[in-house]
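Quick note: the sequence shown uses my numbering, first residue 4, plus one each step. Remarks on the structure that follows.
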Amino acid sequence: YITPEKLIQTVILNFFTLLYNKNQITRFVFDEAHLMIDYGLDFRPDYLKLSILKDKYKSVPIMALTGSITNSSKNFIISKLKIQNCAEIRQSLMRENLVYQVKQKSKDFSENCEKIETWIRHYGYKNESGIIFCMTRIETQKVSEYLLRKGYKASFYHSKIEKENKKLIQNNWMNDNIKI
């Protein structure tokens, strides 16, 4: 993973050229491609310079991924990345294996944790994988601690966790050692 700002640096491009000349690049993948528009047009202009990859490494396919996008934004990204003969794969956000709910929060944090735990129990998800999104890192940690006290295999995950710990948490979640 690399940021657009680093990607367009000469030293990185020289490294990519070395790999390219040895046929060691199979594709470039842009995750969260909608950020090209969200950020590139306003305060991160290097997002709009990513076409340099197609200019320099013409035979390397480019894949752009996003969770949601409009047709005009999609066309903008395809154009900016210079993707030729673009294959498009779409899937609805509404999938049988996902449950989306938004609930009104109480001012009482403990009450909110109780509601979360009750919901998990009521719908039979105690031993199923799930993600709970919180507004702050501290809330994320406190919800995790609450669920651990209630016997759930839970952990927290946020931007301030050290890289090695993030990797451990993610691997544990993917291997079902952590469920929430």
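C-beta atoms are modelled at their ideal positions from N, C-alpha and C, and glycine is treated no differently. Since we're looking at a predicted model, the values are computed, not measured.
- For Val-32, the enclosing beta strand (DSSP E) starts and ends at 31–33.
- For the set Asn-17, Tyr-160, Phe-33, the Cα lying nearest the Cα of Pro-64 is the one of Phe-33.
- Bounds of the beta strand (DSSP E) holding Met-66 are 65–67.
- Annotated as distal: Ile-55 and Ala-67, with beta-carbon spacing of 7 Å or more.
- Contact holds between the segment 120–140 and the segment 169–182, because three or more Cβ pairs, one in each stretch, are under 8 Å apart.
- Counting other Cβ atoms within 10 Å of its Cβ, Tyr-103 stays below 16 and is therefore classed as exposed.
- Non-local C-beta neighbours of Lys-108 in its own chain, meaning closer than 8 Å and more than five positions away in sequence, comprise Asn-115, ordered along the chain.
- Within the segment 99–145, the complete alpha helix (DSSP H) runs of at least 4 residues fall at 112–125.
- Contact between Ile-72 and His-37 is confirmed by a C-beta separation of about 5 Å, below the 8 Å threshold.
- Inclusion of Phe-159 and Ser-147 in the CB contact set at 7 Å is warranted, their separation being smaller than that value.
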